[in-house]
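Worksheet: the structure to be examined is printed underneath.
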Amino acid sequence: MEIRIGIVNAPRELSFESAQPAEELAEQVQAGIASGTGILRLTDDKGRVYLVPTDGIAYVEVGAEESRRIGFVG
Numbered sequence: 042m043e044i045r046i047g048i049v050n051a052p053r054e055l056s057f058e059s060a061q062p063a064e065e066l067a068e069q070v071q072a073g074i075a076s077g078t079g080i081l082r083l084t085d086d087k088g089r090v091y092l093v094p095t096d097g098i099a100y101v102e103v104g105a106e107e108s109r110r111i112g113f114v115g
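Residue 42 is where the sequence shown starts when you use my numbering, and the numbers rise one by one after that.
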């Protein structure tokens, strides 16, 4: 599933793939923003860790889960 995070005053968004379910990611984002630590910690499907300052988050877009395509796409 694709995750996009818009950062305030940044020309590009942070985009990565995650294996976590959409509901779990949404809860993790809400908890990270509400925690007061100032940092949102997310992990992609390859194990890389992203630390995002919560005061700079403009938006978070959690994409729909896709089924894997099999065969040739024409």
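All C-beta atoms, glycine included, are put in the ideal place defined by N, C-alpha and C.
Check whether residue i and residue j have beta carbons under 8 Å apart
i: ILE98; j: ILE46; result: yes
i: LEU81; j: VAL70; result: yes
Candidates the options, of which the one nearest residue i by Cα
i: PHE57; options: TYR100, THR95, LYS87; result: LYS87
i: GLY79; options: MET42, GLU102, LEU92, ILE48; result: LEU92
i: THR84; options: ARG53, LEU66, VAL49, SER76; result: LEU66
i: GLY73; options: ASN50, THR95, ILE48; result: THR95
Endpoints, alpha helix (DSSP H) assigned at residue i
i: VAL70; result: 63 to 75
Cross-strand partners of residue i (DSSP beta bridge)
i: VAL93; result: LEU81
i: GLY47; result: TYR100
N- and C-terminal bounds of the beta strand (DSSP E) containing residue i
i: SER56; result: 55 to 58
8 Å contact criterion, which residue i and residue j should meet: CB distance rounded
i: MET42; j: VAL101; result: That belief does not hold up - the Cβ atoms of MET42 and VAL101 are roughly 12 Å apart, past 8 Å.
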